[in-house]
Every structure is written in C-alpha cells, then in structure tokens.
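Heads up: the sequence shown begins at 865 in this note's numbering, then just goes up one per residue.
Where a beta carbon is used, it is the ideal one built from N, C-alpha and C, also for glycine.
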Amino acid sequence: GDFGHLGTRCEIKNMNSFRFIQQAIEYEARRQIEIIEGGGKVDQETRLFDPNKGETRSMRSKEDAHDYRYFPDPDLLPLEVEEAWIEEIRSTLPELPDEKRARFEADYGLSRYDAGVLTAEAEKAAFFEEVAKGRDAKLAANWVTQELFGYLNKQDLELSESPVSAVDLGGLIELISNDTISGKIAKDVFGRMIAGEGKPADIVEKHGLKQVTDTGAIEKVVDEIIAANPEQVAQVKEKPKTMGWFVGQVMKASGGKANPKAVNDILKAKLGL
C-alpha cells in the first residue's frame, strides 16, 4: 500500500529492550512533531538510540532505495538447482510431523489431540507404533499417553528411561483386549511391571490375576448370592437399578476377577431382568 500520506519514516537501531523501544518512540515522536510544527521536513534516515541519554541521534541518511545496494553481485556464479536433485532429496526425507499426525488419525482412528501428543517427538511416535502393532490402537494410545507418559512425567523421566518397554506394554494391552484381565486389574499389573516384576503375562500368572470368564464358575457365585439375599432379590424386581449391588457382591466374591460383562449377563438372566 502507499503510506506516503504518513510522512517520512526513520529507522532506529540499537533497540534491545521493550523499555528502550518505548523511550525511543516517545523521543522520536516529540522530535518529529517539533520539526514539522517548526515548518521543517523529517529526513529519511537511520538513527541510533542512546540508552544513557534516552534519545536518538542521526547515524546515516537513506535518500533513496539505490542506497540499499540492490544490484547483482558480479562475483557470484548463478546457482542452478535441478528438479531431479530436489526430487531426490524429497524422496529421502523422513515422514514429517504433520504427515505423521494425519496418518495416526486416519490409520489408528486417534483423536487429533492424541495424534498430536504422540507425534510431537519421533521417539514417542515410534514407541506408540510398536505398542499398537496389530492391536486396539485407541486402547494403546490411552495407555501410552495416560498411564505411561503420566508416570514418566511424575517421575521426571525421559521415554528412553521408561521401566516398561513398548513390547511389554503391547503385551499388557493384548491381555486386556482378549479379556484375560480387566482394565482395572491391568493397572495393578502395570504397577508391578514398573516395579520390575517382569512380563505382564508372567505377573498375571504368578499372582492369579486372570479374569474369570468361565460362566459356570460365575453362575455358581451368582446362585449363592441370590439364595443368601431373598429380600434384595424381591427389591431388584421393583427397582432394577439395585442390580448394581449384586454385581458388586459377585465381583467381591471373585476377588475382582469375574468378567463384568459376563456377571451382568448372568445376573440379568437369573433375576429375570
């Protein structure tokens, strides 16, 4: 745009703090007003700010654009960049963060936020991909960003110092996905993995943490609880919401290891809900 109506401009050098900028602007404004009111003309020039005196002084004048030396340097050879060379470089570039983020959203069905967290650093992205390999990617993203990163942040550890490897975390996610353990039990297993107790499957085995999906075993517990609590059974018919109490009792009796979905299904059938 044409800023001619704004008058002549001056450049000011040696500005290294906001305070100096403010002082220079105030001084320069007063100086230019005085010149114009006195019938004078502001010269286009470069001025230097003197922080000790809080004023600007002339450094060099810039009459015209040609003072800026816009002309070719005769000593420089022309630079010719071949398209093939650019293509070759482009083909060897690693996947850039924006591309990676878009791929994580598309291929893994992650939210934009999670994809952003996981692609912020190449190391984090590679770790996540190892964990998610052939598994439930959303579950993997949750465990990597919430549980693992949460733990590392709290302990002020780098990902490279993680006590849990990507392979082992992947193993834990598999155990949740195939209903060997519940998400709740998985947190306990994860704590033991951090403590150095070894691989997730071994921990589950050693501490007998497998989820009970054997419906026969669950039915037996359900039958016992129904038989022992006739008044609750009568109540649940009127208030189906009280079924939560039964679920709680069955979970307690199974040491938290009964598969909650199986418990719900069996209870509904037995209580006629």
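Anyone know if the C-beta pair for Ala1004 and Phe1013 falls short of 8 angstroms?
No; because the gap between Cβ atoms is not below 8 angstroms, this pair is not in contact.
Are the beta-carbon atoms belonging to Ile1058 and Val1028 less than 8 angstroms from one another?
For Ile1058 and Val1028, yes; Cβs fall inside 8 angstroms.
What is the DSSP secondary structure of Ile889, counted as helix, strand or coil?
Residue state, collapsed to three classes: helix.
Would you tell me roughly how many angstroms separate the C-alpha atoms of Asn1006 and Val995, rounded to the nearest one?
Their backbone Cα atoms lie some 11 angstroms apart in a straight line.
Hey, could you find the ends of the alpha helix (DSSP H) Leu1003 is sitting in?
Per DSSP, Leu1003 belongs to the alpha helix (DSSP H) from 1001-1006.
Excluding five sequence neighbours on each side, which residues of the same chain lie with their C-beta closer than 6 angstroms to the C-beta of Ser922?
Answer for Ser922: Glu909, Arg911, listed in chain order.
Checking 8 angstroms against the spacing of the C-beta atoms, do Ala979 and Glu969 come in under that value?
Yes, the Cβ-Cβ distance between Ala979 and Glu969 is below 8 angstroms.
The alpha helix (DSSP H) spanning Thr910 covers which residue range?
No alpha helix (DSSP H) holds Thr910; the beta strand (DSSP E) holding it covers 909-914.
Apart from the five residues just before and just after Thr1106, which ones in its own chain have a Cβ nearer than 6 angstroms to its Cβ?
Closer than 6 angstroms at the Cβ level, and outside the excluded window around Thr1106, lie Gln1099, Val1100.
Ends of the alpha helix (DSSP H) at Thr956?
Per DSSP, Thr956 belongs to the alpha helix (DSSP H) from 947-956.
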